[in-house]
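All residue numbers for the sequence shown refer to the working numbering, where the first residue is 3 and numbers rise by one.
Have a look at the structure below before the remarks.
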Amino acid sequence: MRIDKYLKISRLIKRRTIAKEVVENGRIILNGRPAKPSSEVKIGDIIILNLGRHRLEVKIENIDEIATRQKSSTFYTLLKDEIIERTED
């Protein structure tokens, strides 16, 4: 499955167009490398989402084309959830 679609289905990002834009802006790291919207994900992959000052690191546990709200929570395991402090120059 494409990473932009996975981010939407898993509800890590609300809309696929926003997911695609975030990936294109280099704010998504897939297995240690910057992702492209067409990057394929598989179970066991690690995704790092840099969203403003918020950084999430998740491990893919499940991939499915359709997900209910309850089922989407089984799509990944949260490894890190941190706020990045800004430094004043």
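C-beta: ideal position from N, C-alpha, C; glycine also.
(request) Could you please give the first and the last residue of the uninterrupted beta strand (DSSP E) stretch that includes Val60? (result) Locating residue 60 in the sequence shown gives position 58, where the first residue counts as 1. Per DSSP, Val60 belongs to the beta strand (DSSP E) from His56 to Ile62.
(message) Tell me which residues share the same chain as Val25 and place their Cβ nearer than 7 angstroms to its Cβ, disregarding the 5 neighbours each side in the sequence.
(response) Stepping through the sequence shown from its first residue, residue 25 is reached at position 23. Contacts found: Ile5, Asp6, Ala37, Lys38 and Pro39.
(request) Assign Ile11 to one of two classes, buried (16 or more other C-beta atoms within 10 Å of its C-beta) or exposed (fewer than that). (result) For the purposes of this step, residue 11 is taken as residue 9 along the sequence shown, with counting starting at 1. Counting Cβ neighbours within 10 Å, Ile11 comes out buried, since at least 16 surround it.
(request) Name, in chain order, the residues that DSSP records as bridge partners for Asp83. (result) As a first step, residue 83 must be located in the sequence shown, where it is residue number 81. Per DSSP, Leu58.
(request) Kindly list the residues whose CB is nearer than 7 angstroms to the CB of Asp83, restricted to its own chain and excluding five residues on each side of it in sequence; keep chain order. (result) Here residue 83 corresponds to residue number 81 of the sequence shown, with the count starting at 1. Closer than 7 angstroms at the Cβ level, and outside the excluded window around Asp83, lie Leu58.
(request) Going by CA-CA distance only, name the one from Ile48, Ile65, Ile62 and Asn52 that's closest to Gly28. (result) Here residue 28 refers to the residue found at position 26 of the sequence shown. Nearest C-alpha to Gly28: Asn52.
(request) Sort out for me which residues DSSP pairs Tyr8 with in a bridge. (result) Here residue 8 refers to the residue found at position 6 of the sequence shown. Partner(s): none; Tyr8 has no beta bridge.
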